[in-house]
Amino acid sequence: MNSFMGNSRDVYSFISSNSWISPEAIPYQYKGRSYSSRLGNYWAAVQMNDQDNDGICDSPHNIGPDVDDRPLIEPHDRYSIRG
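This is the structure in structure tokens:
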């Protein structure tokens, strides 16, 4: 989980072996509720939706040809990791 904020340009990844989400589900708390899911990163430059209020955006974030399938709706410090 990273928070990409305050950048003049978003990160770009081209034909990489980068992994943009956690390798396995992580137990976490968001807004007082408990969840378990693979988690991505927060991208300040992108406006996204979170209809089910689990803290994970409803659609992926493209990073060049790579994808963050589980982008966070808020910066990572708004989540509490359990474990």
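Each residue of the sequence shown is one higher than the last, beginning at -16 in our numbering.
Note that CB positions come from ideal geometry on N, CA and C, so glycine has one too.
Of the candidates Ile46, Pro54, Gly38 and Pro43, Gly38 places its Cα closest to the Cα of Gly15. In the DSSP annotation of this structure, the continuous segment of the beta strand (DSSP E) that includes His44 starts and ends at His44 to Ile46.
With respect to Pro48, Ile4 sits apart: the two C-beta atoms are not nearer than 8 Å. For Pro10, the enclosing beta strand (DSSP E) starts and ends at Ile9 to Tyr13.
In the three-state scheme derived from DSSP, where H, G and I count as helix and E and B as strand, Arg16 is classed as strand.
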